[in-house]
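Those letters in the sequence shown? Residues 129 to 424, per the numbering used here, in order.
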Amino acid sequence: MELMQIRYFLETAKTKHMTNSAKNLHITQPALTQAIRRLEKDLGVPLFVAKGRNIVLTEYGRYLQKRLEPLMEQMDAIPEQLKMMVALEGETIHMNVLAASGLVMEAIIEYKKEHEDINFQLQQNSESELYDIAVTTKLFYLGEDEKNRFACAEEIYLAVPRNPRYRDRTSIRLAEVEEEGFISLLGSREFRYICDRFCQHAGFTPKIIFESDNPSAVKNMIAANMGIGFWPEFTWGSIENEHVKMLKIEEPICQRDIIIHYNRNKTDSRNVVDFYSFLTEFFENRKRNIRHSDKG
129 MELMQIRYFL ETAKTKHMTN SAKNLHITQP ALTQAIRRLE KDLGVPLFVA KGRNIVLTEY
189 GRYLQKRLEP LMEQMDAIPE QLKMMVALEG ETIHMNVLAA SGLVMEAIIE YKKEHEDINF
249 QLQQNSESEL YDIAVTTKLF YLGEDEKNRF ACAEEIYLAV PRNPRYRDRT SIRLAEVEEE
309 GFISLLGSRE FRYICDRFCQ HAGFTPKIIF ESDNPSAVKN MIAANMGIGF WPEFTWGSIE
369 NEHVKMLKIE EPICQRDIII HYNRNKTDSR NVVDFYSFLT EFFENRKRNI RHSDKG
């Protein structure tokens, strides 16, 4: 059965009148009659019989009408459903967050205060390119300056307990902590790779004694004098703990770049571009505020 045949059949079944059906379908009566007869021939059963000047459905016709009407209703609804999907998709921003997830979530919460209709879907997949906005980190990023890509440098400090060894220190050479146990954030693969490179440059491999998926747990472990850890300048937030302090690493240079990138993969990318602008400004403001408070 062809779609046109189905439409012709259902219209004729509804009106039970060839002339009126042809008029509603904007075709000639002979063309409609021929289409119905061809459908009956294809199915091998009569669908209509004459009754006076009108026609009525046969048992086969009633069965076919019953089965086809719901299907046709679903098919007719598809264009509107697709439009609704497009509208909903336009209000959903897909993000691939491989770095600074805590700061990204803060930005999303702040953004939704003024944009309640915007939804966010987050993933963490280093292999995926299916996203609207991605947040990643690189060691000394040297990418091209693109309109849809933002790079923000971030210094990496050493978080240490306020014990006698570090209490009066403000900076340190990384080689000095070769024998220390390191506490790190679990799941931050790119950040872990970057920090391992710093240690390799200083001539040692870090001894990881504990990993946690919670930055607060990392801070608490360091505060408990159980080890030390690398701490990004602003994306993980401030230490704010009287038992932990941040030391500037004198050598090697410990810095990474946060990369925020967006794709124009929607028919209308205005919401994506708007949040991208908000997110990059949010990162810049946080960096500026942290450095200002440090100077203060």
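The C-beta atom is built at its ideal place from N, Cα and C for all residues, glycine as well.
DSSP places P334 outside any alpha helix (DSSP H), giving it a letter other than H or E. Annotation for M349: the continuous alpha helix (DSSP H) segment containing it runs P343 to A351.
Classified as exposed, H154 has fewer than 16 neighbouring CB atoms from the shown chains inside 10 Å of its CB.
Distance from the Cα of N342 is smallest, within the candidate group E370, L313 and I350, for L313. No residue range can be given for E257, since it is assigned to no alpha helix (DSSP H) and is classified by DSSP as neither H nor E.
CA-CA distance, E378 to T298, rounds to 10 Å. The beta-carbon distance between L171 and A141, rounded to whole angstroms, is 14 Å. This is too long to meet the 8 Å contact definition. Looking at the DSSP output, P360 shares a beta bridge with I284. For a cut-off of 8 Å, the C-beta gap from V372 to P292 is around 15 Å, too long to register as a contact. The beta carbons of T265 and E318 sit closer together than 8 Å. For a cut-off of 8 Å, the C-beta gap from E370 to I418 is around 18 Å, too long to register as a contact.
Taken through DSSP and simplified to helix, strand or coil, Y188 comes out as helix. Between the alpha carbons of R416 and C280 lies a gap of roughly 11 Å. Between N276 and P380, the alpha-carbon positions lie close to 31 Å from each other.
In this structure, the beta-carbon distance from F410 to A262 does not fall below 8 Å. Counting C-beta atoms within 10 angstroms of its own C-beta, N393 has fewer than 16 neighbours from the protein chains shown and is therefore classed as exposed.
In the displayed model, P289 falls within a strand according to three-state DSSP. With a beta-carbon spacing of about 7 Å, M129 and L167 fall inside the 8 Å limit used to define contacts. The C-beta distance from E197 to L138 rounds to 6 Å, short enough to fall under 8 Å.
Judged by DSSP in its simplified three-state form, I221 adopts strand. Put simply, of N353, Y294 and R320 the residue whose alpha carbon is nearest the alpha carbon of G309 is N353. One Cα belongs to K211, the other to R135, and the distance between them is close to 23 Å. Cβ atoms of I221 and F403 come within 8 Å of each other, at about 6 Å. Contact annotation, A228 with I386: C-beta distance approximately 6 Å; criterion of less than 8 Å satisfied. Nearest to G357 by C-alpha distance, out of E219, E306, P207 and K240, is E306. When rounded, the separation of the alpha-carbon atoms in K194 and D245 is 40 Å. In the same chain as Y188, and ignoring 5 residues on each side of it, the C-beta atoms closer than 8 Å to its own belong to L171, V173, P174 and L175, in chain order.
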